[in-house]
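Numbering (my numbering), first residue to last: 355 to 852. We treat Cβ as the ideally placed atom computed from N, Cα and C, and that holds for glycine. Quick caveat, the model's predicted, so the values are computed rather than measured. Report on the structure given below.
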Amino acid sequence: MRGDSEDDREDRAESAGRGIHWFRNDLRLHDNTALAALADRVEAWLPVFVLDPELLGAGGRETPRARFLLGCVDRLGDALARRGVPLQILEGEPAKVLPELVRASGARVVSWNVGATPLARRRDERVRRVLEDAGIEVVTCRDHTVFGPGEIRTGKGDPYSVYTPYRNAWWSRWQEAPRWSAARSRIPKATIPPGRGRRARFASLGAEDEAAAQLPTPGEDAARRRLRAFLSGPARRYHLDRDRPDIDGTSRLSPYLRFGAISARHCVSEGLRAIEADPALEAGISKWLDEIVWREFYAAVLENEPRVLGESYRREYDGVRWSRDESHFEAWCEGRTGYPFVDAGMRQLRETGWMHNRVRMIVASFLTKHLLIDWRRGERHFFEALVDGDPASNNGGWQWAASTGTDPQPYFRIFNPVSQGERWDPEGRYVRRWVPELRDLDARVLHAPWKADRPIPGYPAPIVEHKAARERALEAFAAARAGRQADRAEGQADRAER
DNA sequence: TTTTGAGTTGTTCGA
DNA sequence: GTCGAACAACTCAAA
């Protein structure tokens, strides 16, 4: 009491009930596990976001994903401001700037939802150590997926490496112990009052120009609106339309899930409720829920086996002798391979930061099989360009397309970009939209323009011939398998000798 | 321990 | 034009 101001006494008395929530890939207030845990523990709080260069990636703030992320942070700030809570935005390395804010605010507890990648986990551990050394309590939760990598296991306790049994186990687990999303958002009651020197170094988000960049509207409100619109609209036909890039038949929730503007739990919960309310939606929505479970599967694969970020899941295919033809890689990136369906996809990606999933498979197959270019290069390009780029799903998808992953596409199953185009874009609306040079071409030759009567001005001839490229890929993959078998046989012989 | 059934999304060939 | 078979064995997961 002596000499202390009224405020200071209050500060000390309440600091045990003060906490900070560190927002990362959980940019929402509803159904946020760690935030709700903090609300159970403290009276007053401050939300913080750290603009970490590592989070933005190599492209800085100008990539579609970074812009979308910053837009989500911006909207989160608005939503918090409406509740009278100022979002603190710090810039720099979390292990450095977070403890400073903790000190200045008098918080005794810091909460966050754990990261899923090896990189994020290392960063989290650095921060945890610094805070705990300073006597701060750290509360972490798993929140990014419905079930964690340890929760869905085979009878022997091993992680699943095949999707279908994983999915079955996932749903059994849900039956036993469903994880419905929280009905309402739960945040601490009060805000930590602004104290001396607490004002954070405020970073400018630069979150303008979303419309110009053709990005989806960022933020939690937009995510929930989109989910509702999907469930009451395209979901009914999802099982029929989802492979048609010329139809807007998917949920387009991937960017929101990526940054946690909506939780996977909420998607599953709302999907199941929608089926309950209208059983006619079952066919469409259960197919869509399957995609959420795929996301869970790949997240679990990455956490259980982080090596997949650099290596083939099936080791024998690390022996494939990949092509290093740079002009092929550039043509692929820029959407001028001479195969309209492939080029349409790559241009959609370049212009919007998003690509329809069916087309992702086709262009990935084209790069790894027709051009015989290492899947890691395609994975990196996608990761840099995609607004929804997620390390786990991106890696899983690429390894599947390259036939190197869990549940691989059999290596002899090589997508034919012409017949795939004819099948999934029958009138050519998708190609015409993204490859305007071909806009007036007859639908009968649209997916194989070299068959047209005359050359198309400004559109390239195919950079590889389908049949020959296919045979080259088959040989390269067969050789890798043969090499692996030879290695194995040699290893066995060695062991036998000893 | 052995057996059994199954495995996201296709393509090509020849009858 | 349509249809079924081959593609190439292999591994996983559970009974």
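Taking the straight line between their C-alpha atoms, what separation do you get for R591 and G603?
By one-based count along the first sequence, residue 591 stands at place 237. By one-based count along the first sequence, residue 603 stands at place 249. C-alpha separation (whole angstroms): 7 Å.
How many whole angstroms separate the CB atoms of R712 and D597, which I take to be in contact at a CB cut-off of 8 Å?
Start at 1 with the first residue of the first sequence, and residue 712 comes out as number 358. Start at 1 with the first residue of the first sequence, and residue 597 comes out as number 243. Yes, they are in contact, since the Cβ atoms of R712 and D597 sit about 5 Å apart, within 8 Å.
Taking only the alpha-carbon atoms, compute the straight-line gap between E454 and W399 and give it to the nearest angstrom.
Locating residue 454 in the first sequence gives position 100, counting from the first residue. Locating residue 399 in the first sequence gives position 45, counting from the first residue. Cα-Cα distance, rounded: 15 Å.
With a CB to CB cut of under 8 Å and the five nearest residues on each side skipped, what residues in its chain are close to L740?
Counted from its first residue, the first sequence places residue 740 at position 386. So the list reads P418, R419, L703, G707, W708, M709, N748, once near-sequence residues are dropped.
Y784 versus P694: straight-line alpha-carbon distance, rounded:
In the first sequence, residue 784 corresponds to position 430, counting from 1. In the first sequence, residue 694 corresponds to position 340, counting from 1. The alpha-carbon of Y784 is positioned some 10 Å away from that of P694.
Output the distance between the C-alpha atoms of G373 and I490, rounded to the nearest integer angstrom.
The residue labelled residue 373 in the question sits at position 19 within the first sequence. The residue labelled residue 490 in the question sits at position 136 within the first sequence. Taking the straight line joining both Cα atoms gives about 10 Å.
Sequence-distant residues of its chain with Cβ nearer than 8 Å to A653 (five each side left out)
The residue you call residue 653 lines up with position 299 of the first sequence. Result list for A653: A470, H498, T499, P503, A746, S747, in chain order.
Could you tell me which of Y671, G692, R798 sits nearest to R777, measuring between CA atoms?
Taking the first residue of the first sequence as 1, we reach residue 777 at position 423. The residue with the shortest Cα to Cα distance from R777 is R798.
Please report the distance separating the alpha-carbon of A698 from that of A755.
As a first step, residue 698 is located in the first sequence; it is residue number 344 there, counting from the start. As a first step, residue 755 is located in the first sequence; it is residue number 401 there, counting from the start. Taking the straight line joining both Cα atoms gives about 18 Å.
Mind pulling the alpha helix (DSSP H) runs of 4 or more residues that sit fully within the stretch 617-652?
618-631
In whole angstroms, what is the alpha-carbon distance linking V516 and D761?
On the first sequence, residue 516 is found 162 positions in, with the first residue counted as 1. On the first sequence, residue 761 is found 407 positions in, with the first residue counted as 1. Each residue's alpha carbon lies about 5 Å from the other.
My understanding is that L635 touches A583, with C-beta atoms under 8 Å, so please give their C-beta distance in whole angstroms.
Your numbering for residue 635 matches position 281 in the first sequence. Your numbering for residue 583 matches position 229 in the first sequence. Their Cβ separation, rounded to whole angstroms, is 14 Å, which puts L635 and A583 out of contact at 8 Å.
Please classify N748: does DSSP put it in a helix, a strand, or coil?
Start at 1 with the first residue of the first sequence, and residue 748 comes out as number 394. Residue state, collapsed to three classes: helix.
Quick one: grab the DSSP three-state call for T494.
Walking along the first sequence from the start, residue 494 turns up at place 140. Strand, per DSSP.
Assuming Q702 is part of the alpha helix (DSSP H), what are its boundary residues?
Indexing the first sequence from 1 puts residue 702 at position 348. Its alpha helix (DSSP H) spans residues 694-706.
Taking the Cβ atom as the reference point for each residue, do E574 and A433 lie within a distance shorter than 8 Å?
Numbered from its first residue, the first sequence carries residue 574 at position 220. Numbered from its first residue, the first sequence carries residue 433 at position 79. Their beta carbons are under 8 Å apart, which means E574 touches A433 by this criterion.
Beta bridge counterpart(s) of N467 as assigned by DSSP:
Within the first sequence, residue 467 is the residue found at index 113, counting from 1. N467 pairs with C495.
Assuming P407 contacts L441 (C-beta within less than 8 Å), just tell me the rounded distance between them.
Numbered from 1 along the first sequence, position 53 holds the residue referred to as residue 407. Numbered from 1 along the first sequence, position 87 holds the residue referred to as residue 441. Actually they do not touch by this definition, with Cβ atoms about 19 Å apart.
Assign K821 to one of two classes, buried (16 or more other C-beta atoms within 10 Å of its C-beta) or exposed (fewer than that).
As a working note, residue 821 is residue 467 in the first sequence. With fewer than 16 other Cβ atoms within 10 Å, it is exposed.
Let me check one thing: in DSSP terms, what residues is I541 bridge-paired to?
The residue labelled residue 541 in the question sits at position 187 within the first sequence. According to DSSP, I541 bridges with nothing at all.
Alpha carbons only, please: which of V481, R540, I629 is nearest the one belonging to R437?
For the purposes of this step, residue 437 is identified with residue 83 of the first sequence, where counting begins at 1. It is R540.
Give every residue of the same chain whose Cβ lies closer than 6 Å to the Cβ of R649, excluding the five residues on either side of it in the sequence, and list them in chain order.
Taking the first residue of the first sequence as 1, we reach residue 649 at position 295. Once the five neighbours on either side are set aside, the close Cβ partners of R649 are S747.
Please classify F720: is it buried, with 16 or more other beta-carbons within 10 angstroms of its beta-carbon, or exposed?
Within the first sequence, residue 720 is the residue found at index 366, counting from 1. Buried, since its Cβ has 16 or more Cβ neighbours within 10 Å.
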